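Asks: All the letters of the sequence shown, read from the start, carry residue numbers 427 to 706 under our numbering.
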Amino acid sequence: MSQPVKGSERDLSPVARTDALVQKIRDEGYVIIPSLLDGARIKALRAALSPWLDGTLLGRNDFEGFRSERVYGLLAKHTDLSLIVEHPLILGILDALLERDYLLSANLAINSHPGETAQRFHRDNAGGGGADPTALHGISTIWNLDDFNEDNGATEIIPGSHLWGHEIPAEDTPGVMKVIMPAGSVIIFTGSLFHRGGANLSDNPRLAITPQYCQPWLRQLENMPLAVPPEKARLLSDRVQSLLGYSIRTPGFMGYVNGLHPKRLIDPGYKGRKASGLPS
Ligand SMILES: O=C(O)CCC(=O)C(=O)O
Numbered sequence: 427m428s429q430p431v432k433g434s435e436r437d438l439s440p441v442a443r444t445d446a447l448v449q450k451i452r453d454e455g456y457v458i459i460p461s462l463l464d465g466a467r468i469k470a471l472r473a474a475l476s477p478w479l480d481g482t483l484l485g486r487n488d489f490e491g492f493r494s495e496r497v498y499g500l501l502a503k504h505t506d507l508s509l510i511v512e513h514p515l516i517l518g519i520l521d522a523l524l525e526r527d528y529l530l531s532a533n534l535a536i537n538s539h540p541g542e543t544a545q546r547f548h549r550d551n552a553g554g555g556g557a558d559p560t561a562l563h564g565i566s567t568i569w570n571l572d573d574f575n576e577d578n579g580a581t582e583i584i585p586g587s588h589l590w591g592h593e594i595p596a597e598d599t600p601g602v603m604k605v606i607m608p609a610g611s612v613i614i615f616t617g618s619l620f621h622r623g624g625a626n627l628s629d630n631p632r633l634a635i636t637p638q639y640c641q642p643w644l645r646q647l648e649n650m651p652l653a654v655p656p657e658k659a660r661l662l663s664d665r666v667q668s669l670l671g672y673s674i675r676t677p678g679f680m681g682y683v684n685g686l687h688p689k690r691l692i693d694p695g696y697k698g699r700k701a702s703g704l705p706s
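(1) Taking the alpha carbon of Ser618 as the point to measure from, which residue in Asp693, Asp558, Arg546 and Gly485 has its own alpha carbon closest?
(2) With 16 as the cutoff for other CB atoms within 10 Å, does Leu633 come out buried or exposed?
(3) Could you name the residues of the same chain whose beta carbon sits closer than 8 Å to that of Ala625, not counting the 5 residues immediately before and after it, in chain order?
(4) With ligand 1 as the reference, list in chain order each residue whose Cβ lies under 5 Å from any of its heavy atoms.
(5) Rounded to whole angstroms, what's the CA-CA distance from Leu691 to Asp577? Just pull it up for me.
(6) Helix, strand or coil, according to DSSP, for Val497 in the structure here?
(7) Whose C-alpha, out of Ile536, Tyr696 and Ser476, is nearest the C-alpha of Pro637?
(8) Indicate whether Pro655 and Ala502 have their beta-carbon atoms separated by less than 9 Å.
(9) Buried or exposed: where does Gln429 fall if 16 or more other Cβ atoms within 10 Å of its Cβ makes it buried?
(10) If I measure Cβ to Cβ from Ala522 and keep anything under 6 Å in the same chain, skipping five residues before and after, which residues do I get?
(11) Run through DSSP, which three-state label would Lys689 get?
(12) Applying the criterion that 16 or more other CB atoms from any shown protein chain within 10 Å of the CB defines a buried residue, is Val612 buried or exposed?
(13) Is Gln641 helix, strand or coil when you go by DSSP?
(14) What's the gap between the Cα of Asp693 and the Cα of Gly591?
(15) The alpha helix (DSSP H) with Leu670 in it runs from where to where?
(16) Taking contact to mean at least 3 C-beta pairs separated by less than 8 Å, is the region 639–650 in contact with the region 586–602?
(17) For Val441, report the span of its alpha helix (DSSP H) as first-last.
(18) Please identify the residue among Ala659, Ser566, His621 and Gly485 whose C-alpha is closest to the C-alpha of Gly601.
(19) How would you label Asp480, buried or exposed, when you count the other beta carbons within 10 angstroms and need 16 or more for buried?
(20) Across which residues does DSSP place Arg632 in a beta bridge pair?
(21) Between the Cα of Asp488 and the Cα atoms of Ser538, Ala446 and Pro477, which residue gives the shortest distance?
(22) Please name the residue in Gly695, Pro440, Glu495 and Glu512 whose C-alpha comes closest to that of Thr482.
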């Protein structure tokens with residue numbers, strides 16, 4: 427059974443609430459926030475995705491899932507899909523866990539259809555490599571637009587596994603937890619937490635969106651400024667543009683384009699001098 431945030435944590439002040447959520451992520455590798463989106467927002471997200479969910483974008487291997495639709499490059503497809511990427515509660519948690527100027531690493535929809543099999547256990551950190559598998563390279567979120575239940579392929583996690591070594595857990599590892607949560611909820615977990623998409627044994631598809639964030643010095647999983655080029659990024663908020671990579675990591679000047687701040691590609695008059703240290 428999933429362990430959502432306790433009711434009393436909802437009554438804390440915003441700062442104390444964020445602190446409590448961050449502490450749970452540090453201790454157990456994840457936290458679930460139930461029902462963060464209301465019905466209207468769920469509907470808007472579903473509507474934004476619906477043109478892409480026509481059965482053509484099916485997974486191309488067992489990991490993506492042959493019976494799952496996977497829609498990438500979401501922020502080039504509909505601006506409403508940025509709603510969850512820059513949700514203030516999530517950004518507050520990320521601000522506490524990741525280094526300044528962190529980035530959006532991946533952002534895709536996964537619509538798991540009946541008959542989909544379970545994925546292998548994996549960590550989203552894996553691309554970062556490195557000797558310490560518990561190093562905090564990123565934070566992943568999964569927002570469900572359908573209820574996640576016992577049968578329909580809810581994400582499965584292994585609480586505490588963010589502190590484990592390199593070995594991949596066996597299929598039948600004890601302690602696996604199904605992330606059961608009502609539509610409009612979110613699970614937030616470290617890139618080192620072992621997890622997988624579950625098997626969809628139900629008669630219905632199960633839709634989710636997974637924005638994933640990484641440290642500002644790590645290569646993004648999806649090449650975001652190419653996936654969301656300036657003419658599309660222009661339609662998004664300043665914060666989302668920065669998350670996509672139209673930003674400079676300070677210190678270090680990481681991310682410049684032709685020696686200039688990348689926001690100049692969106693707004694030629696952008697003055698980023700003070701913030702980035704780059705000549706404008
Ligand atoms: O669909 C899910 O529940 C998880 C998917 C996942 O972890 C992935 O594809 O990396």
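By construction, the Cβ of each residue, glycine as well, lies at the ideal position given by its N, Cα and C atoms. Note that the coordinates shown come from a computational prediction; the quantities given were computed from them, not determined experimentally.
Replies: If we stick to the structure as given:
(1) The residue labelled residue 618 in the question sits at position 192 within the sequence shown. When each option's Cα is compared against that of Ser618, the closest is Asp558.
(2) By 1-based counting over the sequence shown, the position of residue 633 is 207. Looking at its Cβ environment, which holds 16 or more other Cβ atoms inside 10 Å, Leu633 is buried.
(3) As a first step, residue 625 is located in the sequence shown; it is residue number 199 there, counting from the start. The beta carbon of Ala625 is closer than 8 Å to those of Glu542, Thr543, Ala544 and Gly579 in its chain, skipping five residues each way along the sequence.
(4) For ligand 1, the residues with a Cβ under 5 Å from any of its heavy atoms are, in chain order, Ile536, Thr581 and Gly623.
(5) As a first step, residue 691 must be located in the sequence shown, where it is residue number 265. As a first step, residue 577 must be located in the sequence shown, where it is residue number 151. Per the coordinates, the alpha-carbon of Leu691 lies some 46 Å from the alpha-carbon of Asp577.
(6) Working through the sequence shown from its first residue, we reach residue 497 at position 71. Residue state, collapsed to three classes: strand.
(7) By one-based count along the sequence shown, residue 637 stands at place 211. Considering only alpha carbons, the answer is Ile536.
(8) Residue numbering aside, residue 655 sits at position 229 when the sequence shown is read from its first letter. Residue numbering aside, residue 502 sits at position 76 when the sequence shown is read from its first letter. Taking 9 Å as the Cβ cut-off, Pro655 and Ala502 qualify as a contacting pair.
(9) As a working note, residue 429 is residue 3 in the sequence shown. Residue placement at Gln429 cannot be trusted, given a pLDDT of 48 that sits under 50; what the coordinates show is reported in the next sentence. With fewer than 16 other Cβ atoms within 10 Å, it is exposed.
(10) As a working mapping, residue 522 is identified with position 96 in the sequence shown. The residues are Val448.
(11) Looking up residue 689 in the sequence shown gives position 263. In this structure, Lys689 counts as helix in the three-state DSSP scheme.
(12) Locating residue 612 in the sequence shown gives position 186, where the first residue counts as 1. Its Cβ being crowded by 16 or more others within 10 Å, Val612 is buried.
(13) Position 215 of the sequence shown, counting from 1, holds the residue named residue 641. Here Gln641 sits in coil by DSSP.
(14) Position 267 of the sequence shown, counted from the start, is the residue given in the question as residue 693. Position 165 of the sequence shown, counted from the start, is the residue given in the question as residue 591. Those two C-alpha atoms are separated by around 45 Å.
(15) By 1-based counting over the sequence shown, the position of residue 670 is 244. Looking at the DSSP string, the run of the alpha helix (DSSP H) that includes Leu670 is Asp664 to Leu670.
(16) No, the region 639–650 does not touch the region 586–602.
(17) Here residue 441 is taken as the residue at index 15 of the sequence shown, counted from 1. Element bounds for Val441: Pro440 to Glu454.
(18) Counted from its first residue, the sequence shown places residue 601 at position 175. For Gly601, the closest alpha carbon among the candidates Ala659, Ser566, His621 and Gly485 is that of His621.
(19) The residue given as residue 480 occupies position 54 in the sequence shown. Classification of Asp480: exposed, given that the 10 Å Cβ count is below 16.
(20) As a working note, residue 632 is residue 206 in the sequence shown. Answer is Ser538, bridged to Arg632.
(21) Taking the first residue of the sequence shown as 1, we reach residue 488 at position 62. Minimum Cα-Cα distance from Asp488 among the listed residues Ser538, Ala446 and Pro477 corresponds to Ser538.
(22) Along the sequence shown, one-based indexing puts residue 482 at 56. Out of Gly695, Pro440, Glu495 and Glu512, Glu495 has the C-alpha closest to the C-alpha of Thr482.
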